[in-house]
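Remarks on the structure that follows.
Protein chains: 2
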Amino acid sequence: MEKYLNILRTCPLFAQIREDHLLRMLGCLGAKVVQFDKKYTILAEGKPAKYIGIVLSGSAQIMQMDYYGNRSLLAVSGPGEMFGEAFACAETKALPVSVIAEEPSDIMLIDCSHILHTCSNNCGFHQQLIYNLMKSLAVKNILFHQKIEITAKRSTREKLMAYLLLQAKKAGSDRFDIPFDRQELADYLEVDRSGLSAEISKLRREGILRSRKKHFELL
Amino acid sequence: MEKYLNILRTCPLFAQIREDHLLRMLGCLGAKVVQFDKKYTILAEGKPAKYIGIVLSGSAQIMQMDYYGNRSLLAVSGPGEMFGEAFACAETKALPVSVIAEEPSDIMLIDCSHILHTCSNNCGFHQQLIYNLMKSLAVKNILFHQKIEITAKRSTREKLMAYLLLQAKKAGSDRFDIPFDRQELADYLEVDRSGLSAEISKLRREGILRSRKKHFELL
DNA sequence: CTCTTTTTGTTGAAATTTCAACAGAATTTA
DNA sequence: TAAATTCTGTTGAAATTTCAACAAAAAGAG
Chain A
0 MEKYLNILRT CPLFAQIRED HLLRMLGCLG AKVVQFDKKY TILAEGKPAK YIGIVLSGSA
60 QIMQMDYYGN RSLLAVSGPG EMFGEAFACA ETKALPVSVI AEEPSDIMLI DCSHILHTCS
120 NNCGFHQQLI YNLMKSLAVK NILFHQKIEI TAKRSTREKL MAYLLLQAKK AGSDRFDIPF
180 DRQELADYLE VDRSGLSAEI SKLRREGILR SRKKHFELL
Chain B
0 MEKYLNILRT CPLFAQIRED HLLRMLGCLG AKVVQFDKKY TILAEGKPAK YIGIVLSGSA
60 QIMQMDYYGN RSLLAVSGPG EMFGEAFACA ETKALPVSVI AEEPSDIMLI DCSHILHTCS
120 NNCGFHQQLI YNLMKSLAVK NILFHQKIEI TAKRSTREKL MAYLLLQAKK AGSDRFDIPF
180 DRQELADYLE VDRSGLSAEI SKLRREGILR SRKKHFELL
C-alpha cells in the first residue's frame, strides 16, 4: 500500500488528511487494490453501486450503452481521480454505467458505506472525508455540466469546437493533446465517428485548426 | 420565516435537523427570502456563484443559453428543492447558468460560505449540513446523468420515449403529467420544437401514446 | 365576452447526420 | 520483417433534423 502514497495524496478524497493517518485510515475503510488488464471491466452496469474507485495507475472510462450498442462516453478518470462516488453516495441500487480499464490499471476500491456510516470509534477523519466527498461531487457536477453544455449544441461542428475551445482553455494554450481517439471523441460528443472525421478535415481545409491524431492546434 | 417551516422541513439540506433548531440556524446562516415575479431572473449567468437557492413556493428553471439563443433547459426545481448548490460548493467564480422564476416564487437564498466554513461556535449542525449537501450533490449528479442518458440518444423519437418512460417510471403509472410545455420539453431534450410536436403526433397516430398538453398516457 | 397573446401542430425545403462500405495509414503481434 | 489488426478519412445515399412560415387552439387580459 505504501507505494501508492504519492498518488493517493493527490486524490481529492484525501485532501487535508495527514499522510501518517492515511495508511491507518485505509485499513479502517477496508480499501483494497485490484489490477485490471486493458479493456477489462472494473465495475459492471447493473451491479450494486457500493464502491468508490480511485485510479492509482492507468485510466478508467465511465461509459454507458443503450439497447442497440450506441456507446456514450461519460468521463475518463486518470491517476488520482475517483469514479463511481456519486452512485455510491446516493446509495443507488444498480449502477447505470460500466467502468472499463482503458489500459492496464491499478484501482483502489473502497466500500462507500464505510465512509458514510461513521464507525464506532467516531474519528474526526470521517468528517473530513465527507467534506472532501462533498467537494468532489460538486466538481463532478460541474464537469457533467460542461459535457451537457457541449453536447447540447446542435451540430457536430459546434460540439467539436466547443470541446476543443474548452480543452485549449484548460491547457492554457492553443496547442494541446486530447485524451480521446476519434471513436472515443465521437462517443463523448454523441455524434457519428465518420461525420466527426469529415468535420475535422473540413475545419483543417478551412484553416481553422491543424491536427494529427490526438494533437490539435487552433489557428 | 415561520410560515416556511413546513416546506423547509422537506428540503434535503435540512434533513435530520430538528425543527426547533432550524429557525436559529437560518439566522446564523444569514438566510433571506426574496420574492420573484414570473420570468424574473433569480440568479444571473456570469455573476459570482455564492448562493444556494431553495424554492419555497413556485418553481425555478435552471437554464443556459449559447451565443445564438439556443436555450438548454438543465433542470427545474420545485418547492423544497435546491438549486445552485454545485456551483456554490465548488466555489465557482462565475455562474455558467441562469435561474429563472417559472411563476411567481418565494426563494430562500443562503450564502454557501456560511455553510462551508464553519462558524466560531463550532456547532454540530454544520457537520449535518455538509453531510446533507454531499447527499444532495450525489443525487443531482444522478439527475444530470439521467439527462445525459436521454439526450445522448440520436433521434427526437428516442429522446422523447426515453424521457417519457422515465417519467412513467417515476410516476409509477402509464398516465402522468410532465412539468414542461412543448418548448421547454424541446429545450430539455435539446431538439427542435416543431420536430418534437411532429414526433408526438406521429406517436399518437401509431397508437403508442395518447396526450393532451402536459398529460401523457403510454399505451 | 371579445380581443390579444401564447402555445401547439403542420408543412415543405434546405441542411445535416447517420449509415455502410471501403482504402490507406498506423500500430500491434507473431 | 511480415502479417494482422486497429484507426482514420472519404464517399454517396438514405434518413432525420432544423428552419421558417402559417393556421388553429387555448389561455389571458380588459
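If you're matching them up, the sequences are chains A and B in order. Numbering that gives the first Met the number 0 numbers the first residue of the first sequence as 0 and each following residue consecutively. Numbering that gives the first Met the number 0 numbers the first residue of the second sequence as 0 and each following residue consecutively. Ideal placement from N, C-alpha and C gives every residue a C-beta, glycine not left out.
Using a threshold of 7 Å, is the CB atom of residue i nearer than that to any non-hydrogen atom of the ligand GDP?
i	result
B/K169	Questions concerning the ligand GDP fall outside what the structure shown contains, since it holds no ligand whatsoever.
Going by beta carbon distance, what residues of the same chain come within less than 7 Å of residue i, once the five residues before and after it are set aside?
i	result
B/T150	K158, L188 and E189
A/A221	As displayed, chain A neither begins before 0 nor continues past 218, which places residue 221 of chain A out of reach and without an answer.
B/F175	Q166, A167 and F215
B/L55	Y3, I6, V32, P78, D105, I106 and M107
B/R42	Here residue 42 of chain B turns out to be Leu, not Arg, going by the sequence shown. Only Y50, G52, G83, L94, S97 and V98 meet the Cβ criterion.
B/E102	K37, G57 and S58
A/L25	M0
A/A170	none
Among the candidates the options, whose CA atom is the shortest distance from the CA of residue i?
i	options	result
B/V98	B/Q126, B/L73 and B/L28	B/L73
A/I16	A/Y130, A/R211 and A/K146	A/Y130
A/H20	A/G123, A/E198 and A/K213	A/G123
B/T155	B/K212, B/G29, B/L202 and B/L55	B/L202
A/K213	A/G206, A/S196, A/R204 and A/E205	A/S196
B/P95	A/L22, A/K146 and A/R204	A/K146
A/A93	B/G171, B/I141, B/A100 and B/P103	B/I141
B/N220	A/P78, A/R153 and A/L208	This structure does not reach residue 220 of chain B, given that chain B is present from 0 up to 218, and the question cannot be answered.
A/H144	B/I61, B/A43 and B/V54	B/I61
B/L163	B/S193, B/D191, B/M81 and B/E198	B/E198
B/G45	B/A30, B/G171 and B/D65	B/D65
A/G79	A/A100, A/M107, A/P103 and A/Q63	A/M107
B/R192	B/E102, B/M81, B/D173 and B/S71	B/S71
B/T40	B/M160, B/A100 and B/I177	B/A100
B/L132	B/M160, B/M81, B/I177 and B/A170	B/M81
A/S210	A/I177, A/S76, A/D186 and A/R23	A/I177
A/M160	A/S76, A/F13 and A/L208	A/L208
B/M0	B/V75, B/R23 and B/K169	B/R23
A/E148	B/R204, B/A170, B/Q63 and B/S200	B/Q63
Among residues of its own chain, excluding the 5 on either side of residue i, which ones have a beta-carbon nearer than 8 Å to its beta-carbon?
i	result
A/L206	The sequence as given places Gly at residue 206 of chain A; Leu does not occur at that position. L218.
A/G29	I109, D110 and H113
A/E18	L4 and R8
Who are the Cβ neighbours of residue i in its own chain at under 6 Å, not counting the five residues just before and after it?
i	result
A/H116	none
B/S172	none
B/L128	I114
A/S76	V54, A59 and F82
B/A185	R192 and L195
B/A14	N131
A/R204	none
Where the segment 34-61 of chain A meets chain B: residues whose CB sits under 9 Å from a CB there: Of all residues in the segment 34-61 of chain A, none has a C-beta nearer than 9 Å to a C-beta of chain B.
Cβ contact (3+ pairs, closer than 8 Å) linking the segment 133-153 of chain B and the segment 132-149 of chain A: A contact between stretches requires three or more CB pairs, one per stretch, nearer than 8 Å, and the segment 133-153 of chain B meets this requirement with the segment 132-149 of chain A.
Every unbroken beta strand (DSSP E) within the segment 17-70 of chain A, with a cutoff of 3 residues, ordered by chain: Unbroken beta strand (DSSP E) stretches of 3 residues or longer found wholly inside the segment 17-70 of chain A: 31-35, 40-42, 50-56 and 59-64, given in chain order.
Residues, ordered as in the chain, of the segment 110-141 of chain B that lie near chain A by beta-carbon distance below 8 Å: If the cut-off is 8 Å between Cβ atoms, the segment 110-141 of chain B has Q126, I129, Y130, L132, M133, K134, L136, A137, V138, K139, N140 and I141 near chain A.
Under 9 Å (Cβ pairs) to chain B, residues found in the segment 148-165 of chain A: Answer set for the segment 148-165 of chain A: E148, T150, A151, K152, R153, E157 and A161.
Near-chain B residues of the segment 180-193 of chain A - C-beta to any C-beta below 7 Å: If the cut-off is 7 Å between Cβ atoms, the segment 180-193 of chain A has E189 near chain B.
Three or more C-beta pairs below 8 Å linking the segment 7-17 of chain B and the segment 181-190 of chain A: Short answer: they don't touch.
Cβ contact check for the segment 87-94 of chain A and the segment 29-38 of chain A: 3 or more pairs under 8 Å: Counting Cβ pairs under 8 Å, fewer than three are found: no touch.
In chain order, each alpha helix (DSSP H) run of at least 4 residues that lies wholly inside the segment 131-183 of chain A: Counting only unbroken stretches of 4 or more residues, the alpha helix (DSSP H) elements lying wholly within the segment 131-183 of chain A are 155-170, in sequence order.
Against chain B: residues of the segment 78-92 of chain A by CB proximity under 9 Å: Cβ contacts with chain B: E84, A85, F86, A87, C88, A89, E90 and T91.
Stretch-stretch touch, CB-based, cutoff 8 Å, three pairs: the segment 48-60 of chain A with the segment 104-114 of chain A: With a cut-off of 8 Å, the segment 104-114 of chain A and the segment 48-60 of chain A count as touching, because enough Cβ pairs lie within range.
Complete runs of the alpha helix (DSSP H) confined to the segment 89-126 of chain B [at least 4 residues]: When DSSP assignments are scanned along the segment 89-126 of chain B, the uninterrupted stretches of alpha helix (DSSP H) that are 4 or more residues long and fall wholly within it turn out to be 112-115.
Every unbroken alpha helix (DSSP H) within the segment 182-214 of chain A, with a cutoff of 4 residues, ordered by chain: Correct list: 192-204.
The segment 94-106 of chain B: positions lying closer than 9 Å to chain A by Cβ: Of all residues in the segment 94-106 of chain B, P95 and V96 have a Cβ within less than 9 Å of some Cβ in chain A.
The segment 9-20 of chain B: positions lying closer than 7 Å to chain A by Cβ: Close to chain A, meaning a Cβ-Cβ distance shorter than 7 Å, is no residue of the segment 9-20 of chain B at all.
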